[in-house]
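Enquirer: The sequence shown lines up with residues 2 to 500 when you count with the working numbering.
The C-beta atom is built at its ideal place from N, Cα and C for all residues, glycine as well.
These figures come from a predicted structure and were not determined experimentally.
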Amino acid sequence: MIGRVPFLSSFYVRLSLIFLTLILLLAVLQAQIAANAFERKRAEIDQRANTMLAADMASEIEPYLSPLGQSMGVYSDALGSAIHYMMVLNPLIEIYLVSAEGTILGYFADTPEEVQLERINLDPVFAFLSNDRMLPIYGDDPRRPNQPTTFSAARLSGIGNGSGFLYVVLKSSVYDTARTEIEDQYFQNAFRESLFLSIPLVAILGLLLFFLLTLRLRRLTATVRAFGTGQYDVRVTTRSRDEVGELSDSFNLMADQIASSVQSLAKVERERRDLVANISHDLRTPLSTIRGYIETVLQKDEVLSPSERREYLRTSLSSAEALGRLVGELFELSRLENADSALRPESFSLAELGHDLVMQFSLEAKKRDVSIVLEPPADLFVVRADISLIERTITNLLENALRYTFPGTTVQVVLVEVSIDRPMVQVSITDQGPGLTKEQQANVFQRYYTEGTKRGSVRTGLGLAIAQRIVELHGGKIGARSEQSGGSEFYFTLPLEEK
């Protein structure tokens, strides 16, 4: 029996936890991506807006340049005043005078931090000064070597022993410190709003959608659980064409097949019990007869006349023969119902076989005051089949017809060609007995079928069941027809051998 699923093992709960984890991960990644994109955009805007800053500053300070020494921080008072005026107008920049080799010759900044680099990498400077530059371009920050920064640059003449560069860092450490504090504050506020507003809202909507999506799975699970407890009539109702709909349709198909198999097994079990009961009855009757007559002979041996003794022994022998026939039929039917039962097919004329069997039963028919005739067939009707089994089939049908036809009537055997899905020959054996009802026609080939009729209590035994199995093994069909006026026709078909 299928138990109830634990909470944490529920598909809905696990799917929801995965969804919440992905939402949190997405929020973190999105925030990081947005921050990086914003920083890159800000850097590009700053650098693009200050592209000519260094060039404009260079044109202003070049008149004040005089040959400088190679040590950092050495510059003239006039140059210092000019640069100081520029930094008053833009206090967030840092200005460096750089030689043609990248050596820092002088610097100007309103920050207490010391310069950590003696020279900068000039590759970003050359890239900035080229005509096909792609902004933003990051260069060295002399005060923070591990933090690339945006800059503006221009060529200068009269630095040291030749030309050099004016290298302007656009965002000084003062700006970065203030920006970091403000960004942290805004980030914390944004994260707090996202954590307590956006994420819960998205999570609630997602959980609701997942609940609706998994509702059909829960219904399917409940139906499967009910089916597992023996409620074979439950089915899943679905209108969707997605994977869950296909799974529901597959379950319904499987449930129909299982329910049909269960019903078939129950029917087979009932038939098995009936068969055992009928076989027990039929075996008990001849055994009781044999035992009774033998006991009579033993107990009254001295007083029995020879004729009485012979009559008792003849009756016992007849019962023993009936018992032998019944046991033989049981073994024969068991062998025929075995899936591995092998046929011994050969080509023979069905018309000749029918003629021989009619001649064989003529004496028995005469004893019963019945005529048995074979209407002249139009063909030999050559078939390829197991001749012994087909002979047994016709024999069983003839015995059944002779048993129930009225005295003074005729049993007819007719062979005709019919066409179903291929050329076939039909063998019909017609009696003039009391006939069969519709129910009897449908069930007369069942083993030990018993039904009260105009014939009395009809017990078909195993002969007709054996005939049906033989015909089915040969790819034919067998059936019975009866008219209201009386009389029955038992017929079967066999495929004709290809000419």
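1. Using the three-state DSSP reduction, which class does ARG456 fall into: helix, strand or coil?
2. Below 8 Å between beta carbons: does that hold for TYR157 and GLU95?
3. Anyone know if the C-beta pair for LEU123 and ILE105 falls short of 8 Å?
4. Could you pull the DSSP bridge partners for GLY107 from this structure?
5. Assign LEU53 to one of three DSSP states: helix, strand, or coil.
6. Looking only at its chain, what residues have a beta carbon closer than 6 Å to the beta carbon of VAL277, apart from the 5 residues adjacent to it on each side?
7. Go to ARG470, then tell me how far its alpha helix (DSSP H) extends in each direction, as first and last residue.
8. Just reading off the alpha helix (DSSP H) that ILE391 is part of, what are its end residues?
9. From which residue to which residue does the beta strand (DSSP E) around LEU495 run?
10. Helix, strand or coil, according to DSSP, for GLU347 in the structure here?
11. Per DSSP, which one or two residues make a beta bridge with TYR168?
12. Name the residue from ARG219, ALA155 and SER17 whose alpha carbon lies nearest to the alpha carbon of LEU208.
13. Secondary structure at THR410, three-state DSSP: helix, strand or coil?
14. Would you kindly work out how many angstroms separate the C-alpha atoms of ILE395 and ASP432, rounded to a whole number?
15. Between ALA466 and PHE491, is the Cβ-Cβ spacing less than 8 Å?
16. Take the Cβ of ASN401 as the centre, count every other Cβ of all protein chains shown within 10 Å, and call the residue buried at 16 or more, exposed below.
17. Going along the chain, which residues of its own chain have a beta-carbon closer than 8 Å to the beta-carbon of TYR405, five neighbours each way excluded?
18. Grab me the residues of GLN48's own chain with a C-beta within less than 6 Å of its C-beta, minus the 5 sequence neighbours each way, in chain order.
19. As an exercise, report each continuous alpha helix (DSSP H) stretch of at least 4 residues that is fully enclosed by the segment 17-64, in chain order.
20. Going by DSSP in three states, TYR233 sits in which element: helix, strand or coil?
21. Per DSSP, what kind of secondary structure is ALA223 in: helix, strand or coil?
22. Here's the rule: buried if 16 or more other CB atoms are within 10 angstroms of the residue's CB, otherwise exposed. What is SER153?
23. Whether or not the segment 417-431 and the segment 369-385 are in contact is what I'm after, with contact meaning three or more pairs of Cβ atoms, one per stretch, closer than 8 Å; do they touch?
24. Look at the alpha carbon of SER372 and the alpha carbon of LEU437, and state the distance between them as a whole number of angstroms.
25. Among the candidates ARG285, GLU309, GLU347 and ILE19, whose CA atom is the shortest distance from the CA of GLY325?
26. Hey, out of SER265, LYS172 and LEU358, whose CA is closest to SER389's CA?
27. When burial is assigned at 16 or more other CB atoms within 10 Å of the CB, is GLY74 buried or exposed?
28. Reducing DSSP to helix, strand and coil, say where GLN300 ends up.
29. Using the Cα positions of PHE228 and ASP257, report the straight-line distance between them to the nearest angstrom.
30. Smallest Cα separation from LEU221: which of GLY231, PHE252 and SER164?
31. Using only the alpha-carbon positions, how far apart do THR230 and PRO496 sit?
32. Between which two residues does the alpha helix (DSSP H) harbouring ALA443 extend?
33. Within the continuous alpha helix (DSSP H) that includes PRO149, where are the two ends?
34. Which one of LEU21, SER306, GLU303 and ARG236 has the shortest CA to CA distance from ALA260?
35. Name the one or two DSSP bridge partners that GLY140 has.
36. Counting only the same chain and skipping the five closest in sequence on each side, list residues whose C-beta sits under 7 Å from that of ARG369.
Expert: This is what the structure holds:
1. For this step, residue 456 is matched to residue 455 along the sequence shown. Summary for ARG456: the model assigns pLDDT 43, below 50, so the residue's position carries little reliability; its value from the coordinates is reported in the next sentence. In this structure, ARG456 counts as coil in the three-state DSSP scheme.
2. Stepping through the sequence shown from its first residue, residue 157 is reached at position 156. Stepping through the sequence shown from its first residue, residue 95 is reached at position 94. A small correction: the amino acid at residue 157 is Leu; Tyr does not occupy that position in the sequence shown. In this structure, GLU95 does not lie closer than 8 Å to LEU157 by Cβ.
3. Your numbering for residue 123 matches position 122 in the sequence shown. Your numbering for residue 105 matches position 104 in the sequence shown. Cβ atoms of LEU123 and ILE105: not closer than 8 Å.
4. For the purposes of this step, residue 107 is taken as residue 106 along the sequence shown, with counting starting at 1. Bridge partners of GLY107: LEU98.
5. The residue you call residue 53 lines up with position 52 of the sequence shown. Note that residue 53 corresponds to Met in the displayed sequence, not to Leu. Three-state result, MET53: coil.
6. Here residue 277 corresponds to residue number 276 of the sequence shown, with the count starting at 1. Nothing listed; no residue qualifies.
7. Indexing the sequence shown from 1 puts residue 470 at position 469. First-last of the alpha helix (DSSP H) with ARG470: 464-474.
8. Numbered from 1 along the sequence shown, position 390 holds the residue referred to as residue 391. 388-405 is the extent of the alpha helix (DSSP H) around ILE391.
9. Position 494 of the sequence shown, counting from 1, holds the residue named residue 495. Per DSSP, the continuous beta strand (DSSP E) segment holding LEU495 begins and ends at 489-496.
10. Locating residue 347 in the sequence shown gives position 346, where the first residue counts as 1. Reduced to three states, the DSSP call for GLU347 is strand.
11. Locating residue 168 in the sequence shown gives position 167, where the first residue counts as 1. The secondary-structure analysis by DSSP pairs TYR168 across a beta bridge with TYR97 and ALA154.
12. Along the sequence shown, read from residue 1 onward, the residue named residue 208 stands at position 207. Per the Cα distances, SER17.
13. Mapped onto the sequence shown, residue 410 falls at position 409. The three-state reading of DSSP puts THR410 in coil, since its state is none of H, G, I, E or B.
14. Sequence index remark: in the sequence shown, residue 395 carries index 394 (1-based). Sequence index remark: in the sequence shown, residue 432 carries index 431 (1-based). Rounded to whole angstroms, the separation of the alpha carbons of ASP432 and ILE395 is 14 Å.
15. Within the sequence shown, the letter at position 465 stands for residue 466. Within the sequence shown, the letter at position 490 stands for residue 491. With respect to PHE491, ALA466 sits apart: the two C-beta atoms are not nearer than 8 Å.
16. Here residue 401 is taken as the residue at index 400 of the sequence shown, counted from 1. Under this definition ASN401 is a buried residue.
17. Within the sequence shown, the letter at position 404 stands for residue 405. So the qualifying residues of the chain are ASP432, GLY434, PRO435, ARG456 and SER489.
18. For the purposes of this step, residue 48 is taken as residue 47 along the sequence shown, with counting starting at 1. For GLN48, where only same-chain residues beyond five positions count, the Cβ hits under 6 Å are LEU136, PRO137 and THR151.
19. Qualifying alpha helix (DSSP H) stretches, in chain order: 54-62.
20. Here the question's residue 233 lines up with position 232 in the sequence shown. Coil, per DSSP.
21. Along the sequence shown, one-based indexing puts residue 223 at 222. Annotated three-state conformation of ALA223 is helix, per DSSP.
22. For the purposes of this step, residue 153 is identified with residue 152 of the sequence shown, where counting begins at 1. It is buried - the Cβ of SER153 has at least 16 other Cβ atoms within 10 Å.
23. Because the criterion of three Cβ pairs below 8 Å is met, the segment 369-385 and the segment 417-431 touch.
24. The residue given as residue 372 occupies position 371 in the sequence shown. The residue given as residue 437 occupies position 436 in the sequence shown. SER372 and LEU437: Cα-Cα distance of roughly 21 Å.
25. Locating residue 325 in the sequence shown gives position 324, counting from the first residue. When each option's Cα is compared against that of GLY325, the closest is ARG285.
26. Residue 389 sits at position 388 when you count from the first residue of the sequence shown. Sorting SER265, LYS172 and LEU358 by C-alpha distance to the C-alpha of SER389 places LEU358 at the top.
27. Within the sequence shown, numbered from 1, the residue matching residue 74 stands at position 73. Any reading at GLY74 must be qualified, since the residue scores a pLDDT of 43, below 50, and its modelled position is unreliable; the value itself is stated next. When all chains shown are included, GLY74 counts as exposed.
28. Against the sequence shown, residue 300 aligns to sequence position 299. Three-state result, GLN300: helix.
29. Stepping through the sequence shown from its first residue, residue 228 is reached at position 227. Stepping through the sequence shown from its first residue, residue 257 is reached at position 256. About 11 Å.
30. On the sequence shown, residue 221 is found 220 positions in, with the first residue counted as 1. A check of alpha carbon separations from LEU221 across GLY231, PHE252 and SER164 identifies PHE252 as the nearest.
31. Along the sequence shown, one-based indexing puts residue 230 at 229. Along the sequence shown, one-based indexing puts residue 496 at 495. Taking the straight line from one Cα to the other gives about 47 Å.
32. As a first step, residue 443 must be located in the sequence shown, where it is residue number 442. Run containing ALA443: 439-444, per the alpha helix (DSSP H) assignment.
33. Looking up residue 149 in the sequence shown gives position 148. No alpha helix (DSSP H) holds PRO149; DSSP gives it neither H nor E.
34. Locating residue 260 in the sequence shown gives position 259, where the first residue counts as 1. Of the candidates LEU21, SER306, GLU303 and ARG236, the one whose C-alpha sits nearest the C-alpha of ALA260 is ARG236.
35. Working through the sequence shown from its first residue, we reach residue 140 at position 139. The partner list for GLY140 (beta bridge, DSSP) reads THR150.
36. Stepping through the sequence shown from its first residue, residue 369 is reached at position 368. Once the five neighbours on either side are set aside, the close Cβ partners of ARG369 are LEU403 and PRO408.
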